[in-house]
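There are 2 protein chains.
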Amino acid sequence: MAARMNPDLRKERENASFDPEKITTFLWGGKERVQRKRELEFLALNDPDYQHEDLNFMSREQQYETQLKKGILMVTKMKELKIPDEDQLFYTSAVLVSDVHPMMVHTRMFLPTLYGQATEEQKDKWLKLAENYAIVGTYAQTEIGHGTFVRGLETTATYDPKTQEFILNTPTLSASKWWPGGMGKTSNYVVLMAQLYIHSKPYGVHSFMLQIRSLEDHKPLPGVTVGDIGPKFGYDVMDNGFLALNNVRIPRENMLMKHSRVEPDGTYVKPPSTKLAYGTMVQVRANIVMYSGVVLAKAVTIATRYSCVRRQSEMKPGHPEPQVLDYVTQQYKLFPYLAAAYAFWLTGQTMMSVYTTSSSQISKGDISVLPELHALSAGLKALSSAAANVGMEKCRLACGGHGYSHASGLPRLYTNMTPASTAEGEHVVLMLQTARYLMKSYNQSLQGEKLAGSVAYLSGVQLVPAAGRTRNMLDLGVLCDAYRHRAGRLVHEAAAQLRSELQAGKDQADAWNATSVDLVKAATAHSQYFVVKNFAERLTDSTLDSSISDVLTRLCQLHALHGLVTNSGDFLEDGYLTGTDIRQARRHINALMAKLRPDAVALVDAFDFPDGILNSVLGRYDGNVYEHLLEWAKASPLNKTDVHQSYHKYLKPFLEANRAKL
Amino acid sequence: MAARMNPDLRKERENASFDPEKITTFLWGGKERVQRKRELEFLALNDPDYQHEDLNFMSREQQYETQLKKGILMVTKMKELKIPDEDQLFYTSAVLVSDVHPMMVHTRMFLPTLYGQATEEQKDKWLKLAENYAIVGTYAQTEIGHGTFVRGLETTATYDPKTQEFILNTPTLSASKWWPGGMGKTSNYVVLMAQLYIHSKPYGVHSFMLQIRSLEDHKPLPGVTVGDIGPKFGYDVMDNGFLALNNVRIPRENMLMKHSRVEPDGTYVKPPSTKLAYGTMVQVRANIVMYSGVVLAKAVTIATRYSCVRRQSEMKPGHPEPQVLDYVTQQYKLFPYLAAAYAFWLTGQTMMSVYTTSSSQISKGDISVLPELHALSAGLKALSSAAANVGMEKCRLACGGHGYSHASGLPRLYTNMTPASTAEGEHVVLMLQTARYLMKSYNQSLQGEKLAGSVAYLSGVQLVPAAGRTRNMLDLGVLCDAYRHRAGRLVHEAAAQLRSELQAGKDQADAWNATSVDLVKAATAHSQYFVVKNFAERLTDSTLDSSISDVLTRLCQLHALHGLVTNSGDFLEDGYLTGTDIRQARRHINALMAKLRPDAVALVDAFDFPDGILNSVLGRYDGNVYEHLLEWAKASPLNKTDVHQSYHKYLKPFLEANRAKL
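Protein chains in written order, with our numbering: chain A, 1 to 662; chain B, 1001 to 1662.
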């Protein structure tokens, strides 16, 4: 491969100031993990059973079928290979690239729900079937008219003590289940979330095991209407489904009863605590933070390599066309997202480890950490997925016309990632959950309570800035202080605004609503402070040698400074920073970009995505972009014939008739 | 229809403070234009010949074929109907909805190039054929390795005086033509842009008529390799193509020679002026400004109507779920883009009329207006397409999960619109062209020259703000002043930075590159000032009655204030505005949103997009969203059978084998 490497990319790699392998080791958690990752990636990427033509060349039905076949193969092979849990993502990422497979929710939601909510008898009955894929299930919660707000679900499970059965209904059109992955065509079971009614009295949302398709011929069972919700922006391979139920009866034992129970006579037995379900949600959100860093890293890898291969325009008369990455404007498009990819990657790791530590406490019954964990994960999930969402499109646009081609891999990466902004908690909803915790904590601190964890700084919010100070805007301590001050001030101001709305006579709900834009702003600033501080703290890792910590420090500075100049009003508004500080920050950004320029390719190489996982002609490691762009195009369906059938059907008669008239 | 209207939407319409028809009249240029528009839309939308299943249900090949058929029909019917030029867009927009057809470039580029660059004899030869679609052509400029920078093209046309022919070649892989719409499968002719060589001497890029496919059987002619460039993010219906040429000979007469000529003996005759081609480019860019307003208006229409139909969560305990648009955060997501849609719509109209006025001057030989026209259209194209790009995705995300479905219409609207940010001049490239003009103008003003047109304000840049003033931040005069001051200051600072880079010893090119981020910032501020000022000026239209000018004034205030708080640092940095001003601006935004809330649906109704053109289940005028979402899903291909064939091929054997093992 090296022999045929694009000479520009080769030069970039030769001139880097550090060995990317060292950063790879840092990012992936040590040499052994990197080795294991590469082994499993190699295994998956070189397995001929997983090969197929580009999904982008297929109709949606073909994509579904291809990915179902691959998912089945993958599940089977992973079992044969006995890949331990903590390594499975290495293998599945390489098999599925940036896509999923139709049985994904079986693993991600159906099985975990059984583990968490089924009694021992229920586990005996279903878990073996589910773990061994004798049945395939999904998780049916959202409805066509109801999303984030679980209490608003309309599907009912009415207990009939005579037959000891639940009668399941989606009583209105808006109650139809909508979105569950794999429900459209694949699953024969669902965990159904429904409003429990006993003797006409509502008991809130509970979960029920429901078979929806025959195990004989896969046809929908009586009373069940089920199908695919139709094509979407992305996730072509997934049969997200709808489900309507008309008086479907299931035995009493099909309610998942680990936490709450319905006795044969209809007596309802309450769960001990309602907070236990939080744990899974936090894990899902922590995963999204990590995933946001990873997809942003992929997009930046593609755009950075391509920007070194691509030559464009004339910087100086008579000189050859420069590499696009030599334009400062191109650096300004990409380097902030390169830095953000590192920032969120490291935030994701921290979030995962906070989750692991906390969940062992929670499993011991100590749920005191939950509010902090929940608030932190909500804000970081919202912040990181939004940043990835915007950043991926910036990377695509930075690739000019070719970024628009599916050959770039960027459109598909985007359309498969963008749901992360909405799913598992919509952006604003999550930010407001974080804000609620911030308001509570801030009020506690005003009453003299000492705060801990991510909100500890709210105890000491200083509102009067020291004006006229001279600052070194490259100093990470100065930058962290600035972010802390801004977050503290915005929390204070949102709290003051909320108070003033209440004092003006609004009730709690209206006052909250009227303040919500400021609350989102405060929660965003709080989350950004966490990300910047975490990045800076990770740089103190003693295993980093100086060549690595130098370049990572530049990324951290760039990340902090870019956020600062982008939101400069927040820092200037109360005079905490001065116009001189902001101008200094802008100059530092230019200087940092110039210093990062020679290391850009090494910094994306360090993410260590093999070509098979990037799946991008523009992002190829060897940089041989144009020849593979042409090769890819030639393989696409419209080029199977020189003359398309539509010529004979439509174009020929049209042209000939027009010629005859002349 | 009214009888079945969703009650929430009905209430919205009943409670509006004005009659939307009045704004429709204002936006579309008078009652007669509105009537004509509706007639032609009705004609197209109710023509059974144009009906087909949703393009999103089809493979790309089927989409291409469907749209080719429709394009042919449309061309034929428009001729029969004798629709005058100025009305054609009403008809074609309704036939094509948010898509194009494979012969689009024939009308948009191939024919105009012949009009503009062919001699009278050449027109006699080709124009009749082209106008009557006896031949179908496209415009082949960009190459796989060369985009915006035309001088970098590699395709050659070498004159052979012996045979009086040009020999055409794409001498390298990166010289292959890439992107021309309709070239992949449809066109049999192209206008080819190539480097002219005579006796080994280069004469720059010229255009040549080239037949690429046989008129008999549509097969590529000898020496011609042509095909489709493969699937893209959007534009599925368009066969963007590649083209490689190997010693293809064309007669001397095939060079388009209106402006420059090659004599039989190889003598080259220069064109009188090289600036004439600018006109078309300005028109294309003015069109994009208008188009940006229109697509943003479509997206906002969909998201606003849906946000009134959608009910979600619990604002107050025990109360019913509120309309999503009652959340202030939802208003903050949508209303700034509602205001932006109006702002760019009105900017587009102004830009078109400036173009029309200027082009009559240009056609009289007065090209003095060109630099201003060019700079203005470049910056506004970049600004508006970027705003539409971001805004459309914000609207999609504001529709939650359902926005992600193709039923919403938003993904397709976005993927078909987003190329406008890159095509016809990439964002940064255009902003830097505007910046170049600003630098030149500013330096002229420093030397005492009086500036006119959009840069007149640069003559009086006041750098020392009057501190401590009390301002009414709702006053449009105050807001325009603030935008003017910011633009002037940023132009001044970019100029100073450029000077200081030069003084530090950089050459012109390096200094420009080092300052380019500041230059883009200045050009953006300049363009934003123009948009805000134009909006405010249009409100003085004496035909507007007060109910209309009241609500439009609110939109204008919101647009200006939102831009101001989003970029508050720019206004605070030099102390022009104070923290108090910014806080006041934020309060005004909240108050304006509350005032606009009851008028939101009427404001989007006023854009007057019929359902057939919006093509969105979420944006339906009658608001009956959920039933049509289900109906749409049921019609999609995966639901043609209850049990998909993949069950028998893959899932059944897998499940049965697993069951057998238990």
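Glycine included, every Cβ here is placed at the ideal spot set by N, Cα and C.
{"query": "Helix, strand or coil for ASN1188/B, going by three-state DSSP, please let me know.", "result": "coil"}
{"query": "Assuming VAL95/A contacts THR138/A under a Cβ cut-off of 8 Å, what Cβ separation, rounded to an integer in Å, is found between them?", "result": "Not confirmed; about 20 Å, so no contact."}
{"query": "By the criterion of Cβ-Cβ separation under 8 Å, what are the contact partners of TRP1632/B in chain A?", "result": "GLY230"}
{"query": "Is the distance from the Cβ of MET315/A to the Cβ of ALA1509/B below 7 Å?", "result": "yes"}
{"query": "Answer yes or no: does any C-beta atom of chain A fall closer than 7 Å to that of LEU1009/B?", "result": "no"}
{"query": "Roughly how many whole angstroms lie between the Cα atoms of ALA522/A and HIS1526/B?", "result": "30 Å"}
{"query": "Less than 7 Å between the beta carbons of VAL1354/B and GLN1361/B, yes or no?", "result": "no"}
{"query": "Identify which residue in ALA1016/B, HIS1052/B, ASP1008/B and VAL1224/B has its Cα closest to the Cα of ASN1615/B.", "result": "HIS1052/B"}
{"query": "Under three-state DSSP, which class holds ASP541/A?", "result": "coil"}
{"query": "Counting Cβ pairs, one atom from each stretch, are 3 or more of them under 8 Å apart for the segment 237-246 of chain A and the segment 163-178 of chain A?", "result": "yes"}
{"query": "How do the segment 230-237 of chain A and the segment 402-422 of chain A stand: do at least 3 beta-carbon pairs fall below 8 Å, yes or no?", "result": "yes"}
{"query": "Given that a residue counts as buried once 16 or more other Cβ atoms are within 10 Å of its Cβ, and exposed if not, what is PRO48/A?", "result": "exposed"}
{"query": "Mind pulling the chain A residues with CB within less than 8 Å of GLN1312/B?", "result": "HIS146, GLY147, THR148, PHE149 and GLY152"}
{"query": "Quick one: what does DSSP say SER421/A is sitting in, helix, strand or coil?", "result": "helix"}
{"query": "Taking all protein chains shown into account, do 16 or more other C-beta atoms lie within 10 angstroms of the C-beta of ALA635/A, making it buried, or fewer, making it exposed?", "result": "exposed"}
{"query": "Just to confirm before moving on: does the CB-CB distance between PHE344/A and SER292/A stay below 7 Å?", "result": "yes"}
{"query": "Could you tell me whether any Cβ in chain A is nearer than 7 Å to the Cβ of HIS1052/B?", "result": "no"}
{"query": "Would you grab the beta carbon distance between ILE1135/B and LEU1129/B for me? Rounded to a whole angstrom, and I think it's under 8 Å.", "result": "5 Å"}
{"query": "Taking its Cβ as the centre, do 16 or more other Cβ atoms sit within 10 Å of MET1/A, making it buried, or is it exposed?", "result": "With a pLDDT of 43 at MET1/A, under the threshold of 50, the modelled position of this residue cannot be trusted; read the value that follows with caution. When all chains shown are included, MET1/A counts as exposed."}
{"query": "Would LEU1296/B and ALA1388/B qualify as a contact pair, given that the criterion is a beta-carbon distance under 7 Å?", "result": "yes"}
{"query": "Considering only C-alpha positions, which residue in the set SER1549/B, VAL1324/B, VAL1226/B and GLY1152/B is nearest to ARG1213/B?", "result": "VAL1226/B"}
{"query": "Going along chain C in order, which residues have a C-beta closer than 8 Å to the C-beta of TYR1650/B?", "result": "The structure shown contains no chain C; its protein chains are A and B."}
{"query": "Just curious, the alpha helix (DSSP H) that ASP1507/B is in, first and last residue?", "result": "Premise fails: ASP1507/B is in no alpha helix (DSSP H) and is neither H nor E."}
{"query": "Answer with yes or no whether the minimum CB distance from ASP1581/B to chain A is below 7 Å.", "result": "no"}
{"query": "If we define contact as Cβ-Cβ less than 7 Å, is HIS526/A a contact residue for chain B?", "result": "no"}
{"query": "Using beta carbons (cut-off 7 Å, strictly below), is SER1187/B in contact with chain A?", "result": "no"}
{"query": "Would you report the Cα separation of GLU449/A and VAL455/A, rounded to the nearest angstrom?", "result": "12 Å"}
{"query": "Could you give the distance in angstroms between the alpha-carbon of LYS1037/B and the alpha-carbon of ASP1605/B?", "result": "15 Å"}
{"query": "Does the segment 402-416 of chain A come close enough to the segment 622-635 of chain A that 3 or more CB-CB pairs lie under 8 Å?", "result": "yes"}
{"query": "Who are the neighbours of LYS1219/B on chain A, taking C-beta pairs under 8 Å?", "result": "ASP642 and VAL643"}
{"query": "Tell me which residues share the same chain as GLU1253/B and place their Cβ nearer than 6 Å to its Cβ, disregarding the 5 neighbours each side in the sequence.", "result": "none"}
{"query": "Pull up the CB-CB distance for LEU1539/B and THR1553/B, whole angstroms please, since I reckon it's below 8 Å.", "result": "6 Å"}
{"query": "Anyone know if the C-beta pair for ALA299/A and CYS399/A falls short of 7 Å?", "result": "no"}
{"query": "Would ASP124/A be called buried (16 or more neighbouring beta carbons within 10 Å of its own) or exposed?", "result": "exposed"}
{"query": "Report yes or no: is there a C-beta of chain B within less than 7 Å of the C-beta of GLY401/A?", "result": "yes"}
{"query": "From the beta carbon of SER646/A, is the nearest beta carbon of chain B less than 7 Å away?", "result": "yes"}
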